[in-house]
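Q: Chains as they are written, first to last, in the numbering used here: chain A, -18 to 271; chain B, 10 to 310.
Ideal Cβ placement from N, Cα and C applies to all residues, glycine included.
This is the structure I want to talk about, given as structure tokens.
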Amino acid sequence: MTSLAMPGNAALNKPARRPGRVIPGFGISLGFTLFYLALIVLIPLSAVFLNTFSMSWADFWATVTSERVMASYRLSFGASLIAAALNVVFGGIVAWVLVRYQFPGKRFIDALVDLPFALPTAVAGITLTALYSHNGWIGQYLTELGIKVAFTPLGVVVALTFIGLPFVVRTVQPVLEEAERELEEAAASLGAQPLQTFIRVVLPTITPALLTGFALAFARATGEYGSVIFIAGNLPMVSEITPLLIISKLEQYDYAGATAIAVVMLVFSFVLLLAINLLQAWTRKRAGKA
Amino acid sequence: MSAVLDKAAGPRPQAAAGRRIDTSVLEPVWVRYSLIGVALVFLTLFLFVPLAAVFTEALKKGWEVYVEAVIDADALSAIRLTLIAAAISVPLNLVFGVAAAWAIAKFEFRGKSILLTLIDLPFSISPVIAGMMYVLVFGASGWFGPWLAEHDIKILFAVPGIVLATVFITFPFVARELIPLMQQQGTEEEEAALVLGASGWSTFWRVTMPNIKWGLLYGVILCNARAMGEFGAVSVVSGHIRGETNTMPLHVEILYNEYNFTAAFAVASLLALLALVTLAAKSFIEWRLHEARKASNDAPH
């Protein structure tokens, strides 16, 4: 391995027998990668898990299932589910429109879809709050209808829909671009109605991508903090998200309590990450077969 | 390709003559227009209106108030800290990204897929938990807390903590862009250069670098946008000391919580401008990558 790290040497001594043999730098690049990964990610992350061992199982269980924490899970996961579902419907339509139709301003709109990735979450948070508060641009009309968005759980859904918007669009878009339209045309020429063609031909093709986008948006939403805290109102038991509970426990120096809740969230995100990896493999398989 | 499609879809009566693009669309016109309408209404509500609102709110009380909010001493110190955090974390993650992509794309080894998952890990961890990790490691009652206090080294509630949290949050960006790109490019060109006697470094700079430069820039731009805009993780480790440990997003929060809305939106508008510049640069690079791919596909092999 050390000889591979010496540039030139390997090239002189042995001809390229299999890929990777002749190229130098394996030891140093992999070594640095692992060192940096351990230093920045793995060691600090292990601190979270190791810290929970300072608690007894009973304490841990009591903390993560206390009434206020349970209410925060319901809000965080519930609002994230609704937001991700909204994004599947509307993100799917946006992806379809951007791939299949021509209209003025399309390129500009396509570029702007990534705005929620690029816009700092705090900026999104204060802006959405200003828009949806009772005298805001959108809020004033909703108030007339008797709908309150800012400082309610509905506001949390709005913020999470905003930050999850690009995920479904960006996972479905490439699949639609690759999809073979001949199949749809064949279905139509064999007498299928447009809706039938969509349900039987298009939908099966994009389902893995839709699900991947849903899972990505959901995962991002459950951990989201910046865009939510301004619009949520943060009332305990009503509009308090789980990440905010972690922060308030940290501010009270209740490290054990904060860690316990964080572990629940981490385990949940790892399970979701696994699901996303499987979904992406499925998407690739589907795309490869087509 | 499109000509073939047109021929295949030739005898369809509803296709308007002379409009090539619409010939492969099967659904009725009203469906088409309603879908475009739904998409535009959704994007207007969730993208265009918020974007317009940032700048409108920022300039509500006129240009002078805006400028005053931006050149306020605390705002300037927040801008400086944000630039420092990005200037440290982006190069670090750039070097990491290149090293990781080199190891993963150019060599075969066991556990590669686990390594790929671990590199992606920071994306699936809540920013709040990311900040908390560093509190557990460097905080007063954390692993290194007592030792740091003894030696009078401040990491938490100081600049090093903010930089660390930013490095963690932006960790995967460059690596994620480079790994698939370099995997796709393979090792043939580098092998040729090495066999012809080029050194490892000159192979990297003269052969690999020109091939990956746009992908690299793409990763750097996304990494930088996130580094400058990060809120949750930085909020946990910063301690919110005005003029000292406030980044731009944290300064926005403080101004907003003090009901100083115009100033909050003024600083926020700078971050929104950064987002727009990022998106423009991203579109430009995507176009360049697309052109480069087209050129390499057209070139005779």
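Against chain A, with Cβ distances strictly below 9 Å, would B:Val196 count as a contact?
A: In the second sequence, residue 196 of chain B corresponds to position 187, counting from 1. The amino acid at residue 196 of chain B is misidentified as Val; the sequence shows Thr. So, interface residue.
Q: Hey, quick one: how far does the alpha helix (DSSP H) through A:Val45 stretch, first residue to last?
A: Numbered from 1 along the first sequence, position 64 holds the residue referred to as residue 45 of chain A. First-last of the alpha helix (DSSP H) with A:Val45: 38 to 45.
Q: Short of 9 Å Cβ to Cβ, which residues in the region 108 to 129 of chain A face chain B?
A: Correct list: Thr108, Leu109, Thr110, Ala111, Leu112, Gly117, Trp118, Ile119.
Q: For the region 75 to 99 of chain A, which residues have a beta carbon sitting closer than 7 Å to at least one beta carbon of chain B?
A: Here the close residues are Val75, Trp77, Val78, Arg81, Tyr82, Gln83, Phe84, Ile90, Ala92, Leu93, Asp95, Leu96, Ala99.
Q: For a contact meaning CB atoms closer than 8 Å, what does B:Thr254 contact in chain A?
A: Indexing the second sequence from 1 puts residue 254 of chain B at position 245. Chain A residues near B:Thr254: none, gap ~15 Å exceeds 8 Å.
Q: Pick out the complete alpha helix (DSSP H) segments inside the region 239 to 284 of chain B, 4 residues or longer, and give them in chain order.
A: Within the region 239 to 284 of chain B, the complete alpha helix (DSSP H) runs of at least 4 residues are 241 to 247, 257 to 266.
Q: Counting only beta-carbon separations shorter than 9 Å, does A:Met246 have a partner in chain B?
A: Indexing the first sequence from 1 puts residue 246 of chain A at position 265. Yes - at least one Cβ of chain B is within 9 Å of the one on A:Met246.
Q: What's the C-alpha gap between B:Ala167 and A:Asp235?
A: On the second sequence, position 158 is the one that residue 167 of chain B refers to. On the first sequence, position 254 is the one that residue 235 of chain A refers to. One C-alpha to the other measures close to 21 Å.
Q: Just to confirm the assignment, what range does the alpha helix (DSSP H) spanning A:Ile210 have?
A: Walking along the first sequence from the start, residue 210 of chain A turns up at place 229. Where A:Ile210 is concerned, the enclosing alpha helix (DSSP H) stretches over 207 to 213.
Q: For the structure I just gave you, are there three or more beta carbon pairs, one from the region 230 to 244 of chain B and one from the region 28 to 37 of chain A, closer than 8 Å?
A: Judged by Cβ distances under 8 Å, the region 230 to 244 of chain B makes no contact with the region 28 to 37 of chain A, as fewer than three pairs qualify.
Q: Can you list, in chain order, the residues of its chain whose CB lies under 6 Å from that of A:Ala140, leaving out five sequence neighbours each side?
A: Mapped onto the first sequence, residue 140 of chain A falls at position 159. Cβ within range, chain order: Leu109, Ser208, Val209, Ile212.
Q: Whole angstroms is fine: what's the gap from B:Thr287's alpha carbon to A:Glu221's?
A: Position 278 of the second sequence holds residue 287 of chain B. Position 240 of the first sequence holds residue 221 of chain A. If you take the alpha carbons of B:Thr287 and A:Glu221, they lie about 32 Å apart.
Q: According to the neighbour-count rule (16 or more other Cβ atoms, all chains shown, within 10 Å of its Cβ), is A:Met51 buried or exposed?
A: Taking the first sequence and counting its residues from 1, the one referred to as residue 51 of chain A is at position 70. A:Met51 is exposed by the Cβ-count criterion.
Q: What did DSSP end up calling A:Gly127 once you bin it into helix, strand or coil?
A: Walking along the first sequence from the start, residue 127 of chain A turns up at place 146. Looking at A:Gly127 - three-state DSSP - the assignment turns out to be coil, as it is neither helix nor strand.
Q: Would a check of beta-carbon distances place B:Gly170 closer than 9 Å to chain A?
A: Position 161 of the second sequence holds residue 170 of chain B. Judged by the 9 Å Cβ criterion, B:Gly170 is not in contact with chain A.
Q: Run through DSSP, which three-state label would B:Pro181 get?
A: For this step, residue 181 of chain B is matched to residue 172 along the second sequence. Note: B:Pro181 maps to coil in three-state DSSP.
Q: Please check if any C-beta of chain A sits within less than 9 Å of the C-beta of B:Glu267.
A: Locating residue 267 of chain B in the second sequence gives position 258, where the first residue counts as 1. B:Glu267 does not count as touching chain A.
Q: Can you give the beta carbon distance from A:Pro97 to A:Pro147, rounded, assuming they're within the 8 Å contact cut?
A: Taking the first residue of the first sequence as position 1, residue 97 of chain A is located at position 116. Taking the first residue of the first sequence as position 1, residue 147 of chain A is located at position 166. So it is a contact: roughly 6 Å between Cβ atoms.
Q: Buried or exposed for B:Gly228, going by 16 or more other Cβ atoms inside 10 Å?
A: For the purposes of this step, residue 228 of chain B is taken as the residue at position 219 of the second sequence. That one is buried.
Q: If you measure from the beta carbon of B:Asp31 to each beta carbon in chain A, is any gap under 9 Å?
A: Taking the second sequence and counting its residues from 1, the one referred to as residue 31 of chain B is at position 22. The predicted model places B:Asp31 with a pLDDT of 45, which falls under 50 and marks its position as unreliable, so this point remains unresolved.
Q: Can you check the region 69 to 115 of chain B for any alpha helix (DSSP H) of at least 4 residues that lies completely inside it and give the ranges in chain order?
A: Listed in chain order, the complete alpha helix (DSSP H) runs (minimum 4 residues) inside the region 69 to 115 of chain B are 72 to 79, 82 to 115.
Q: In terms of alpha-carbon separation, which member of A:Leu126, A:Ile107, A:Val149, A:Val156 lies closest to A:Phe132?
A: Within the first sequence, numbered from 1, the residue matching residue 132 of chain A stands at position 151. Per the Cα distances, A:Ile107.
Q: According to DSSP, simplified to helix, strand and coil, what is A:Met218?
A: Here residue 218 of chain A is taken as the residue at index 237 of the first sequence, counted from 1. It is coil, neither helix nor strand.
Q: For B:Ile164, count neighbouring Cβ atoms within 10 angstroms of its own Cβ and tell me buried if that reaches 16, exposed if not.
A: If you number the second sequence from 1, residue 164 of chain B lands on position 155. Buried, because 16 or more other Cβ atoms sit within 10 Å of the Cβ of B:Ile164.
Q: Which residues of the region 24 to 56 of chain A have a Cβ closer than 8 Å to any Cβ of chain B? Give them in chain order.
A: Flagged, chain order: Ile24, Pro25, Leu26, Ala28, Val29, Asn32.
Q: Less than 9 Å between CB atoms is the rule here; does A:Ser220 satisfy it with respect to chain C?
A: Of the protein chains in the structure, A and B, none is chain C.
Q: Taking only the alpha-carbon atoms, compute the straight-line gap between A:Val94 and B:Lys291 and give it to the nearest angstrom.
A: As a first step, residue 94 of chain A is located in the first sequence; it is residue number 113 there, counting from the start. As a first step, residue 291 of chain B is located in the second sequence; it is residue number 282 there, counting from the start. C-alpha separation (whole angstroms): 12 Å.
Q: Would you mind telling me which residues of chain B sit closer than 8 Å to A:Asn258, beta carbon to beta carbon, in chain order?
A: Position 277 of the first sequence, counted from the first residue, corresponds to residue 258 of chain A. Here the neighbours are Thr126.
Q: Could you check whether B:Leu60 and B:Ala272 sit closer than 9 Å to each other, using their CB atoms as the reference points?
A: The count along the second sequence starts at 1 and reaches residue 272 of chain B at position 263. The count along the second sequence starts at 1 and reaches residue 60 of chain B at position 51. No, the Cβ-Cβ distance between B:Ala272 and B:Leu60 is not below 9 Å.
Q: Given this structure, state the Cα-to-Cα distance separating A:Ala202 from A:Thr223, to the nearest angstrom.
A: The sequence position of residue 202 of chain A within the first sequence is 221, counting from 1. The sequence position of residue 223 of chain A within the first sequence is 242, counting from 1. Those two C-alpha atoms are separated by around 11 Å.
Q: Could you compute how far the alpha carbon of B:Ala234 sits from the alpha carbon of A:Leu123?
A: Taking the first residue of the second sequence as position 1, residue 234 of chain B is located at position 225. Taking the first residue of the first sequence as position 1, residue 123 of chain A is located at position 142. Their Cα atoms are separated by approximately 33 Å.
Q: Could you give the distance in angstroms between the alpha-carbon of B:Leu279 and the alpha-carbon of B:Asp307?
A: Here the question's residue 279 of chain B lines up with position 270 in the second sequence. Here the question's residue 307 of chain B lines up with position 298 in the second sequence. Near 42 Å, if we compare the C-alpha coordinates of B:Asp307 and B:Leu279.
Q: Less than 9 Å between the C-beta atoms of B:Ile128 and B:Pro189, yes or no?
A: Translated into the one-based positions of the second sequence, residue 128 of chain B becomes position 119. Translated into the one-based positions of the second sequence, residue 189 of chain B becomes position 180. No, these two residues do not count as a Cβ contact at 9 Å.
Q: Under three-state DSSP, which class holds A:Phe179?
A: In the first sequence, the residue the question calls residue 179 of chain A occupies position 198. Looking at A:Phe179 - three-state DSSP - the assignment turns out to be helix.
Q: Quick test of the definition: if touching needs 3 or more C-beta pairs under 8 Å, does the region 40 to 51 of chain B touch the region 64 to 78 of chain A?
A: At 8 Å Cβ cutoff, the stretches touch.
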